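S.K.: Just dropping this structure here.
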Amino acid sequence: MTWTTAQQDALQNAIQRRNERNILQNQLAQTKTELAKRQQEQAVLLDQWRNEQADVDRLNRLSWASLYHDLLNQKEQQLTKEEAEAQHARLRYDAICATVIALQQQCKDQEKRLPGFSDVDQLYEQLIESKREALLNSSDAVREQYQQHLTTLIHNNHYAQELTEAKGAGIQALQEVRQLGQLLDEARTWGTWDMLGGSTISSMIKYRKLDEVRDQSQQVAYSLQQFRREYKDVDSTFLPDWTFDNNLTRFVDIFFDNIFTDWSVQSRINEARTTAQTLEDHLVTAIAELQNQQDKSTEQTKQLSDQFQRFLETV
Numbered sequence: 000m001t002w003t004t005a006q007q008d009a010l011q012n013a014i015q016r017r018n019e020r021n022i023l024q025n026q027l028a029q030t031k032t033e034l035a036k037r038q039q040e041q042a043v044l045l046d047q048w049r050n051e052q053a054d055v056d057r058l059n060r061l062s063w064a065s066l067y068h069d070l071l072n073q074k075e076q077q078l079t080k081e082e083a084e085a086q087h088a089r090l091r092y093d094a095i096c097a098t099v100i101a102l103q104q105q106c107k108d109q110e111k112r113l114p115g116f117s118d119v120d121q122l123y124e125q126l127i128e129s130k131r132e133a134l135l136n137s138s139d140a141v142r143e144q145y146q147q148h149l150t151t152l153i154h155n156n157h158y159a160q161e162l163t164e165a166k167g168a169g170i171q172a173l174q175e176v177r178q179l180g181q182l183l184d185e186a187r188t189w190g191t192w193d194m195l196g197g198s199t200i201s202s203m204i205k206y207r208k209l210d211e212v213r214d215q216s217q218q219v220a221y222s223l224q225q226f227r228r229e230y231k232d233v234d235s236t237f238l239p240d241w242t243f244d245n246n247l248t249r250f251v252d253i254f255f256d257n258i259f260t261d262w263s264v265q266s267r268i269n270e271a272r273t274t275a276q277t278l279e280d281h282l283v284t285a286i287a288e289l290q291n292q293q294d295k296s297t298e299q300t301k302q303l304s305d306q307f308q309r310f311l312e313t314v
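Position one of the sequence shown corresponds to residue 0 (numbering that gives the first Met the number 0), numbered consecutively onward.
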């Protein structure tokens, strides 16, 4: 089978169209990501506006709070302040609404263009397959080059996938650890308040937070185990001093022992918070290095893919 000039021109055109399609897909993905982010902000700002408006409505209607402000001759001053805050919240909400509408329209425009590329992958694969068939009549050296390109690319893609899975597990573990740290901070705050003579309510909230800490500790231990498993698959040596086991059970066990005094509670909270911060620091370092390795792998994959395609397109 021979490879004609017309086929080569068609392949070059298919390559160009695929690149255009890929760029458009990336743009659409970025637009959707930005839209999702802005929609989250929109929901937050809507809640803020409603809350500020509720404060205005509360002062405008007859209530104990309204009577209290009347007695202190502060109602008009307070109402003006609440109205200003409500107006500011409304302006911020209107601004984000305009941004969301613009991004939604941008998504529609980009999605409308994509069907024009619906046949490009099939056409490209047909032409590349024809080129592969043409290689059957080529020399042994050319066929060997083809197999080397393919084997190297497959191996690199496999390693890239392992890096992606390891980084994803690390990010999940980091999120769990940070959530635990936040709960510990809240428990520590209520514990301090309780030791300084807080009420029964403060004690109740503190121990409720400790229950949440205990539950979250188990999530942390599980997520760290998952990360260890994925990290081991990468078989990396860029963090040889990393150890997973030391801190796996400390969070889970720390609140199961008997606690007799408030000082003991606070001491355990502080110890757990220190451990959580240490784990967070280790995870941030590990994820950053995995990201660095992933960036290198991505660039290498792109280079290998480009080399392979140039080989198929020009041999």
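From the three backbone atoms N, C-alpha and C, an ideal C-beta is built for every residue, glycine too.
Please read all numbers here as calculations on a predicted model, not as lab measurements.
Below 8 Å, how does it come out for the stretch 30 to 43 and the stretch 141 to 154: are there three or more Cβ pairs, yes or no?
M.R.: No: the two stretches stay apart, fewer than three of their Cβ pairs being nearer than 8 Å.
S.K.: Using only the alpha-carbon positions, how far apart do residue 12 and residue 231 sit?
M.R.: Going from the Cα of residue 12 to the Cα of residue 231 covers about 43 Å.
S.K.: Apply the 10 Å Cβ neighbour rule to residue 248 and answer buried if 16 or more other Cβ atoms are within range, or exposed otherwise.
M.R.: At residue 248 the pLDDT is 44, less than 50, meaning the model places this residue with poor confidence and gives no usable figure here.
S.K.: Roughly how many angstroms separate the alpha carbons of residue 157 and residue 3, rounded to a whole number?
M.R.: For residue 157 and residue 3, the distance between alpha carbons rounds to 35 Å.
S.K.: Starting from residue 122 and walking both ways along the alpha helix (DSSP H), at which residues does that stretch end?
M.R.: Counting along the chain, the alpha helix (DSSP H) containing residue 122 begins and ends at 119 to 134.
S.K.: If you draw a straight line from the C-alpha of residue 20 to the C-alpha of residue 116, how long is it?
M.R.: Taking the straight line from one Cα to the other gives about 6 Å.
S.K.: What three-state label does DSSP hand residue 137 in the structure shown?
M.R.: Note: residue 137 maps to coil in three-state DSSP.
S.K.: Do residue 186 and residue 219 have their C-beta atoms within less than 8 Å of each other?
M.R.: Contact flag unset, no.
S.K.: Does residue 154 pass the burial test, meaning 16 or more other C-beta atoms within 10 Å, or should it be called exposed?
M.R.: When all chains shown are included, residue 154 counts as exposed.
S.K.: Is residue 173 closer than 8 Å to residue 279 when the C-beta atoms are compared?
M.R.: Cβ atoms of residue 279 and residue 173: closer than 8 Å.
S.K.: Determine the DSSP secondary structure at residue 3, reduced to helix, strand or coil.
M.R.: Three-state result, residue 3: coil.
S.K.: Counting only runs that start and end within the stretch 87 to 119, where is the beta strand (DSSP E) found for 3 or more residues in a row?
M.R.: Qualifying beta strand (DSSP E) stretches: none in this window.
S.K.: With a cut-off of 8 Å, do at least 3 Cβ pairs link the stretch 280 to 289 to the stretch 92 to 102?
M.R.: Too few Cβ pairs lie closer than 8 Å, so no.
S.K.: Quick one: Cα of residue 266 to Cα of residue 203, how far?
M.R.: Their backbone Cα atoms lie some 18 Å apart in a straight line.
S.K.: Is residue 182 closer than 8 Å to residue 217 when the C-beta atoms are compared?
M.R.: No; because the gap between Cβ atoms is not below 8 Å, this pair is not in contact.
S.K.: Which word fits residue 141, buried or exposed, when buried means at least 16 other C-beta atoms lie within 10 angstroms of its C-beta?
M.R.: Flag for residue 141 reads exposed.
S.K.: Considering only their Cβ atoms, is the gap separating residue 119 from residue 275 smaller than 8 Å?
M.R.: No, the pair does not count as a contact, with Cβ atoms beyond the cut-off.
S.K.: In whole angstroms, what separates the C-alpha of residue 145 from that of residue 304?
M.R.: Distance between the alpha carbons of residue 145 and residue 304: 12 Å.
S.K.: Residue 159 and residue 296 look like a contact to me (Cβ under 8 Å); what is the Cβ gap, rounded to whole Å?
M.R.: Yes, they are in contact, since the Cβ atoms of residue 159 and residue 296 sit about 4 Å apart, within 8 Å.
S.K.: Judging by CA-CA distance, which residue of 47, 43 and 121 is the nearest neighbour of residue 17?
M.R.: Answer by Cα proximity: 121.
S.K.: Do you know whose CA, among 132, 42, 209 and 30, lies nearest residue 180's CA?
M.R.: Of the listed residues, the one whose Cα sits closest to residue 180 is 209.
S.K.: Quick one, are the C-beta atoms of residue 106 and residue 31 less than 8 Å apart?
M.R.: Contact flag set, yes.
S.K.: For residue 85, which of 51, 205 and 8 has the nearest alpha-carbon?
M.R.: That would be 51, whose Cα lies nearest to the Cα of residue 85.
S.K.: Taking only the alpha-carbon atoms, compute the straight-line gap between residue 184 and residue 272 and give it to the nearest angstrom.
M.R.: Answer to the nearest angstrom: the Cα atoms are 7 Å apart.
S.K.: Return the residue from the list 224, 307, 53 and 6 that minimises the CA-CA distance to residue 315.
M.R.: Examination of residue 315 is not possible in this model, given that the chain is present from 0 through 314 alone.
S.K.: Output yes or no for whether 8 Å exceeds the beta carbon distance between residue 5 and residue 126.
M.R.: Result no, Cβ atoms of residue 5 and residue 126 do not sit closer than 8 Å.
S.K.: By how many angstroms is the C-alpha of residue 24 removed from the C-alpha of residue 123?
M.R.: The alpha-carbon atoms of residue 123 and residue 24 are separated by roughly 17 Å.
S.K.: Once the 5 residues before and after residue 70 are set aside, which same chain residues still bring their CB inside 6 Å of it?
M.R.: Its pLDDT being 45, under 50, residue 70 is placed unreliably by the model, and nothing is read from it.
S.K.: Rounded C-beta distance between residue 109 and residue 26? I'm assuming under 8 Å.
M.R.: Residue 109 to residue 26, Cβ: 6 Å. Contact.
S.K.: With burial defined as no fewer than 16 other Cβ atoms inside 10 Å of the residue's Cβ, what is the status of residue 301: buried or exposed?
M.R.: With fewer than 16 other Cβ atoms within 10 Å, it is exposed.
S.K.: Suppose the cutoff is 7 Å on Cβ atoms and the five residues either side in sequence are ignored; what does the same chain contact list for residue 306 look like?
M.R.: Result list for residue 306: 148, in chain order.
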